[in-house]
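FYI, the numbering for the sequence shown is 860 to 1046, going by my numbering. All C-beta atoms in this analysis are idealised placements derived from N, C-alpha and C, irrespective of residue type, glycine included.
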Amino acid sequence: METCRQALQAGVTAIQLRDKTASTRQLIEMAEILMVLCEKHGALFIVNDRVDVALACHSHGVHLGQDDMPAATARRLLGPEAVIGISVRSVDEAVAAWKNGADYIAANMIFATDTKINLEKPLGLDAIGRLKKATPLPLIAIGGINKVNADIVRKAGADGIAVVSAIMAAPQVDKTVHDLLPGTYHT
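This is how it looks when you write it as structure tokens:
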């Protein structure tokens, strides 16, 4: 929670709660705290995978994978104002996400990362352009993104980036956030 607070103070525009091992009760407790923090800093709060938790904490939305609840069902449950993102790895998945009511797509995973252990291989930078052209939706790049490659990912066409390790393992959260913001990398 402290790392998230520091990241929000440094300018992070969205937080996603992603914990594959926590119980539903634990997720709701964390989500309620994070929702308050995000609201205080004018940031978006998204719950990963769990529409029930998103509903329980009144989050701004949910991020869904290909094996999670369909976007159209999530939209029906969460309402028209909810932000719904879908992880995609192919043009077909991107188009389906768009047609089913997603607000953004996430190219999952651009570079290898320890936080994505169930995917075959990284998509690479070329996938960003292919996926971006497939729909009018904003594209967020996920996977192995850090201060060294964040601008390259944006130049490849990503509208935004999602990071876990780069911030959660950072010795200086505020400096790392500033380094990840567009055009601000400092050596």
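Taking all protein chains shown into account, do 16 or more other C-beta atoms lie within 10 angstroms of the C-beta of residue i, making it buried, or fewer, making it exposed?
{"i": "Thr972", "result": "buried"}
{"i": "Val947", "result": "buried"}
{"i": "Lys1014", "result": "exposed"}
{"i": "Gly901", "result": "exposed"}
{"i": "Gly938", "result": "exposed"}
{"i": "Thr852", "result": "What the structure shows of the chain is the stretch from 860 to 1046, and residue 852 is not part of that stretch, so it cannot be assessed."}
{"i": "Ala866", "result": "buried"}
{"i": "His1029", "result": "The residue you asked about is not His; residue 1029 is Ala in the sequence shown. Ala1029 should be labelled buried."}
{"i": "Ser1024", "result": "exposed"}
{"i": "Gly983", "result": "exposed"}
If you check the beta carbons only, do residue i and residue j fall under 9 Å apart?
{"i": "Leu914", "j": "Ile874", "result": "no"}
{"i": "Val950", "j": "Ala993", "result": "yes"}
{"i": "Met860", "j": "Met889", "result": "yes"}
{"i": "Asn959", "j": "Arg934", "result": "yes"}
{"i": "Lys991", "j": "Asp1018", "result": "yes"}
{"i": "Asp908", "j": "Arg877", "result": "yes"}
{"i": "His922", "j": "Ala965", "result": "yes"}
{"i": "Ala1021", "j": "Leu996", "result": "no"}
{"i": "Leu981", "j": "Gly1016", "result": "Reading off the sequence, residue 981 comes out as Pro, not Leu. Their beta carbons are not under 9 Å apart, which means Pro981 does not touch Gly1016 by this criterion."}
So for residue i, helix, strand or coil by DSSP?
{"i": "Cys920", "result": "Here residue 920 turns out to be Gly, not Cys, going by the sequence shown. Reduced to three states, the DSSP call for Gly920 is strand."}
{"i": "Gly988", "result": "helix"}
{"i": "Ser949", "result": "coil"}
{"i": "Ile1004", "result": "coil"}
{"i": "Leu998", "result": "strand"}
{"i": "Val954", "result": "helix"}
{"i": "His1045", "result": "Residue placement at His1045 is poorly supported in this model, since its pLDDT is 43, which falls under 50; the coordinates are not used for a value here."}
{"i": "Val1062", "result": "Beyond the ends of the chain as shown, which are 860 and 1046, falls residue 1062; an answer cannot be given."}
{"i": "Leu914", "result": "helix"}
{"i": "Leu936", "result": "helix"}
{"i": "Ile892", "result": "helix"}
{"i": "Ala1017", "result": "coil"}
Could you compute how far the alpha carbon of residue i sits from the alpha carbon of residue j?
{"i": "Ala930", "j": "Gly924", "result": "10 Å"}
{"i": "Phe970", "j": "Glu979", "result": "11 Å"}
{"i": "Val1007", "j": "Glu952", "result": "29 Å"}
{"i": "Cys916", "j": "Ile987", "result": "32 Å"}
{"i": "Gln1031", "j": "Leu886", "result": "26 Å"}
{"i": "Asp1038", "j": "Ile1026", "result": "10 Å"}
{"i": "Ala1000", "j": "Ile905", "result": "16 Å"}
{"i": "Glu898", "j": "Glu940", "result": "16 Å"}
{"i": "Val1012", "j": "Leu896", "result": "28 Å"}
{"i": "Lys1034", "j": "Thr862", "result": "12 Å"}
{"i": "Asp1010", "j": "His919", "result": "27 Å"}
For residue i and residue j, which I take to be in contact (beta-carbon distance under 8 Å), what is that distance rounded to the nearest angstrom?
{"i": "Asp911", "j": "Thr883", "result": "7 Å"}
Is the Cβ of residue i closer than 9 Å to any Cβ of chain C?
{"i": "Gly870", "result": "Considering every chain present, this structure includes no chain C. It has just one protein chain."}
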